[in-house]
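Undergrad: Protein sequence lines, in the order shown, are assigned to chains Z and B. All residue numbers for the first sequence refer to numbering that gives the first Met the number 0, where the first residue is 0 and numbers rise by one. All residue numbers for the second sequence refer to numbering that gives the first Met the number 0, where the first residue is 0 and numbers rise by one. Encoded as structure tokens, here's the structure I'll be asking about.
There are 2 protein chains.
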Amino acid sequence: MNYCSNCGASVVLRIPDGDNRERYVCEHCDTIHYQNPKIVAGCIPEWEGRILLCKRAIEPRYGLWTLPAGFMENGETTEQAAMRETEEEAGARVEITGLYGLFSIPHISQVYMLYRGTLVDGAFEAGVESLECRLFDEGDIPWEQLAFPVVKETLKRYFSDRRRGKGFPLQRGEIVKHPRREPAGSPQATASEDRG
Amino acid sequence: MNYCSNCGASVVLRIPDGDNRERYVCEHCDTIHYQNPKIVAGCIPEWEGRILLCKRAIEPRYGLWTLPAGFMENGETTEQAAMRETEEEAGARVEITGLYGLFSIPHISQVYMLYRGTLVDGAFEAGVESLECRLFDEGDIPWEQLAFPVVKETLKRYFSDRRRGKGFPLQRGEIVKHPRREPAGSPQATASEDRG
Chain Z
0 MNYCSNCGAS VVLRIPDGDN RERYVCEHCD TIHYQNPKIV AGCIPEWEGR ILLCKRAIEP
60 RYGLWTLPAG FMENGETTEQ AAMRETEEEA GARVEITGLY GLFSIPHISQ VYMLYRGTLV
120 DGAFEAGVES LECRLFDEGD IPWEQLAFPV VKETLKRYFS DRRRGKGFPL QRGEIVKHPR
180 REPAGSPQAT ASEDRG
Chain B
0 MNYCSNCGAS VVLRIPDGDN RERYVCEHCD TIHYQNPKIV AGCIPEWEGR ILLCKRAIEP
60 RYGLWTLPAG FMENGETTEQ AAMRETEEEA GARVEITGLY GLFSIPHISQ VYMLYRGTLV
120 DGAFEAGVES LECRLFDEGD IPWEQLAFPV VKETLKRYFS DRRRGKGFPL QRGEIVKHPR
180 REPAGSPQAT ASEDRG
């Protein structure tokens, strides 16, 4: 950030009075420009036991597989955002059945909220951001071709819970930055499970 | 938003190529300025059966009672944000025991995430944004003096779950805008409960 979006003057980085963090501040019109984390809302879409994944047609991670998810927009609920992304990326309508994954990724200031969902009618179709969409049995998940650590972590926990057969308790965690990129991309995540 | 925060040129409101929503776009440096919902993270701090509330020393809702909560900052997890806000506003250290309330407020593009927490040592003290902090038994909650509908909704569900004695399943909901401000401020919320 270089300029004030309100008045166009240059901004400076300083701690405002009464605050304890550096912010971009406009000393011309006194606007403080706060920057906050973004929510990525998405879905684990299930149909007859299989999970719908999308092969990315965009960077980053072009050609790798992911769950339908994207930035939540102003004016919608988190559930609406998850359903919208599933429709946009996978052409699928889902009924949300619960929140499953809540993962903070502090080094990129994102919060993932991944809902369990059931396809309404089994129909799906690759959207413009997907090369292909496909339903996968657990044994066919392309574990080494998943786009993001948070997707791998979520699917790993999801199948584990499904095998255990005792429901899907909310999974909370933090995805930490790798010291260096691992070829196989296994995430480090701190685990937490809500037991109500 | 009037000016591009990157280059200082005027921005225009239009739908970028390949998008389906209006964004502030800089036609000088081609930056698209996305605006997304903010997370408000907070806590339902409990100590020996009582709940810690804060009387607001700031606007909006100066002098009304609320749960400690505030905007999540870049570089932290949602749990860290909830603990930080509880320490800043109520001078209390809490151990997080689970996520309880997840409420979208689409008309102001906010998402509340309210965690259950237990005071570590029973100590608390009003922070600079609070006039006073106090532990309340359920029967003493100042229902007509609560600052925000989302706080009233969360506490109502929380005490209901506690009386029922079957744990605290995640509460999801949407806080909708009032046609006009009701004096008693009862929120309209669509309810949802995750059962795992």
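The beta carbon of each residue, even a glycine, is placed where N, CA and C say it ideally should be.
Using a cut-off of 8 Å between C-beta atoms, extract the partners of Z/Met71 located in chain B.
TA: Those are Asn35, Pro36, Val110, listed as they occur along chain B.
Undergrad: Z/Leu130 CB to nearest chain B CB: under 9 Å?
TA: Not one chain B Cβ lies under 9 Å of Z/Leu130.
Undergrad: Which residue's Cα is closest to the Cα of Z/Ala68: Z/Asn1, Z/Asn19, Z/Arg115?
TA: Among Z/Asn1, Z/Asn19, Z/Arg115, the Cα nearest to that of Z/Ala68 is on Z/Arg115.
Undergrad: Among residues of its own chain, excluding the 5 on either side of B/Ser9, which ones have a beta-carbon nearer than 7 Å to its beta-carbon?
TA: Excluding residues within five positions, the ones whose Cβ falls inside 7 Å are Asn1, Tyr2.
Undergrad: Please determine, among Z/Leu63, Z/Gln79, Z/Tyr23, Z/Ala125, the residue with the shortest C-alpha to C-alpha distance to Z/Gly90.
TA: It is Z/Ala125 whose Cα lies nearest to the Cα of Z/Gly90.
Undergrad: Go ahead and label B/Val127 buried or exposed: buried means 16 or more other beta carbons lie within 10 angstroms of its beta carbon, across all protein chains shown.
TA: B/Val127 comes out exposed.
Undergrad: If the criterion is Cβ atoms closer than 9 Å, does the pair Z/Leu66 and Z/Val150 meet it?
TA: Contact flag set, yes.
Undergrad: Hey, is Z/Glu75's beta-carbon within less than 9 Å of any beta-carbon in chain B?
TA: At least one chain B Cβ lies under 9 Å of Z/Glu75.
Undergrad: For the alpha helix (DSSP H) holding B/Glu71, just list the boundary residues, first then last.
TA: According to the sequence provided, residue 71 of chain B is Met. The question's Glu does not apply to it. Per DSSP, B/Met71 belongs to no alpha helix (DSSP H) and is neither H nor E.
Undergrad: Report the CB separation of B/Arg20 from B/Ile31 in whole angstroms; it is logged as a contact under 8 Å.
TA: The Cβ separation is near 10 Å, so there is no contact.
Undergrad: For chain B, find out if any of its Cβ atoms is closer than 9 Å to the Cβ of Z/Lys176; answer yes or no.
TA: No, Z/Lys176 lies away from the interface with chain B (no Cβ there is under 9 Å from its Cβ).
Undergrad: Taking the straight line between their C-alpha atoms, what separation do you get for B/Val24 and Z/Gly138?
TA: One C-alpha to the other measures close to 45 Å.
Undergrad: Since B/Tyr99 and B/Ile38 are thought to touch, with beta carbons under 8 Å apart, how far apart are those beta carbons, to the nearest angstrom?
TA: About 15 Å separates the two Cβ atoms, so there is no contact after all.
Undergrad: When the distance is taken between beta carbons, is B/Ile104 closer than 9 Å to B/Ile57?
TA: No.
Undergrad: In terms of alpha-carbon separation, which member of Z/Leu134, Z/Cys28, Z/Phe70, Z/Met82 lies closest to Z/Ser108?
TA: Nearest C-alpha to Z/Ser108: Z/Phe70.
Undergrad: Among the residues of its own chain, which have a CB less than 8 Å from the CB of Z/Gly166, if the five just before and after it don't count?
TA: These residues qualify, in order along the chain: Asp160.
Undergrad: Z/Tyr157 CB to nearest chain B CB: under 9 Å?
TA: Z/Tyr157 does not count as touching chain B.
Undergrad: Express the C-alpha separation of B/Glu87 and B/Glu72 in angstroms, rounding to a whole number.
TA: Approximately 13 Å between the Cα atoms of the pair.
Undergrad: For Z/Arg171 and chain B, any beta-carbon pair shorter than 9 Å?
TA: Yes, its Cβ sits closer than 9 Å to a Cβ of chain B.
Undergrad: At the level of alpha carbons, what is the spacing between B/Tyr61 and B/Arg13?
TA: Distance between the alpha carbons of B/Tyr61 and B/Arg13 is about 38 Å.
Undergrad: What residues of chain B sit near Z/Cys42, judged by a beta carbon separation below 9 Å?
TA: By Cβ distance, chain B contributes nothing, its closest Cβ being about 14 Å from Z/Cys42, past 9 Å.
Undergrad: If you drop the 5 nearest sequence neighbours on each side, which residues of the same chain put their C-beta closer than 6 Å to that of B/Ser4?
TA: Taken in chain order, the list of residues that qualify is empty.
Undergrad: Among all the DSSP beta bridges, which residues are the ones paired with Z/Ile57?
TA: Note: Z/Ile57 sits in no beta bridge, so no partner.
Undergrad: Is the CB of B/Gln79 under 9 Å away from at least one CB in chain Z?
TA: Closer than 9 Å: yes.
Undergrad: Could you have a look at Z/Thr153 and say whether DSSP puts it in helix, strand or coil?
TA: It is helical.
Undergrad: Enumerate in chain order the residues of its own chain whose CB-to-CB distance from Z/Ala81 is below 6 Å, with the five nearest sequence positions on each side excluded.
TA: Contacts found: Ala40, Gly41, Cys42, Tyr114.
Undergrad: Flag this pair as yes or no: are the beta carbons of B/Glu152 and B/Ala188 separated by less than 9 Å?
TA: In contact: B/Glu152 and B/Ala188 (Cβ atoms closer than 9 Å).
Undergrad: Could you check whether B/Asp193 and B/Arg171 sit closer than 9 Å to each other, using their CB atoms as the reference points?
TA: The answer is yes: Cβ separation under 9 Å.
Undergrad: Comparing the C-beta of Z/Arg20 with each C-beta of chain B, is any distance below 9 Å?
TA: Yes, contact with chain B.
Undergrad: Going by DSSP, what residues sit across from Z/Thr85 in a beta bridge?
TA: DSSP lists no partner for Z/Thr85.
Undergrad: If you drop the 5 nearest sequence neighbours on each side, which residues of the same chain put their C-beta closer than 8 Å to that of Z/Glu84?
TA: Same-chain partners within the cutoff: Ala40, Gly41, Cys42, Pro67, Ala68, Gly69.
Undergrad: Three-state secondary structure (DSSP) at Z/Gln109?
TA: Of the three classes helix, strand and coil, the one that applies to Z/Gln109 here is strand, per DSSP.
Undergrad: Mapping the DSSP letters down to three states, classify B/Ser103 as helix, strand or coil.
TA: Strand at B/Ser103.
Undergrad: What is the residue span of the beta strand (DSSP E) that B/Ile38 lies within?
TA: 37-46 is the extent of the beta strand (DSSP E) around B/Ile38.
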